[in-house]
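Numbering (the UniProt record's numbering), first residue to last: 1 to 243.
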């Protein structure tokens, strides 16, 4: 896979916001020039599907030929950067896990109908950040239809190691060793339980969110390296193996 893309290619990405069913809003990025017909479901962090950092990352993934769906996991009520942290626990309790899981399921089924049922793609990819990174394990563990071929979890929050043994596809875990929300020991436990070619990459000195929200030149460099790893992981698992 090429290490870089020219600007012209990256300009040819369409984006559209729409509703799936009656309740789930979403944004779809579609590669135009180099579309490889593969669908990717991207689960956002707590700042939601409208956040610029999340959409920028989804756009970059689409630049590499993919069709990237970013659903609204919070029904129009994402966490706000300017809210006091004292309110976070109250906010997160309002995000009913069953409702979130159902919305992800609705989004997955939409992707299946658009890309798998039509024979366009053999498998879907799954990416998650932070809150969404933790959901990657849950979604893959419950993927009874075997719709997903690979997963990428960036510094997943609240991961449940007990579900990891039910994951049947390789997952790339990317985090930093200074991230209290995604302890390295937890990643090691989850990776070991999954097996199946899964891999963890821990960046020294990095905290939470450095890949899609880098805050220094040093974080920029590590973010680029992490993006390349994720890009190659998706390509090797979804495109190269199905060509």
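Each residue gets a CB set at the ideal place from its N, CA and C atoms; glycine is no exception.
If you draw a 10 Å sphere on the C-beta of residue 165, you find fewer than 16 other C-beta atoms in it, and that means exposed. In the displayed model, residue 49 falls within coil according to three-state DSSP, outside both helix and strand. Secondary structure note for residue 139: it is in no beta strand (DSSP E), and the uninterrupted alpha helix (DSSP H) holding it is 131 to 141.
The count of Cβ pairs closer than 8 Å, one atom from the stretch 82 to 96 and one from the stretch 48 to 56, stays below three, leaving the stretches out of contact.
The criterion of a C-beta distance shorter than 8 Å is not satisfied by residue 187 and residue 198.
Rounded to the nearest angstrom, the gap between the Cα atoms of residue 91 and residue 137 is 22 Å.
Between residue 128 and residue 43, the gap from beta carbon to beta carbon is short of 8 Å. Annotation for residue 90: the continuous alpha helix (DSSP H) segment containing it runs 88 to 94. With a beta-carbon spacing of about 11 Å, residue 211 and residue 221 fall beyond the 8 Å limit used to define contacts. Beta-bridge pairing by DSSP links residue 27 to 17 and 70. Nearest Cα to residue 207 within the set 62, 60, 155 and 133: 155. Secondary structure of residue 201 (DSSP, three-state): strand. DSSP places residue 148 in no alpha helix (DSSP H) but in the uninterrupted beta strand (DSSP E) bounded by 148 to 154. When DSSP states are grouped into helix, strand and coil, residue 238 belongs to the helix group.
Taking 4 residues as the minimum length, the alpha helix (DSSP H) runs contained wholly in the stretch 163 to 195 are 184 to 194, in order along the chain. In the DSSP assignment, residue 42 forms a beta bridge with 127. Here the C-alpha atom of residue 19 lies approximately 30 Å from the C-alpha atom of residue 214. Around the beta carbon of residue 51, 16 or more other beta carbons lie within 10 angstroms, which makes this residue buried.
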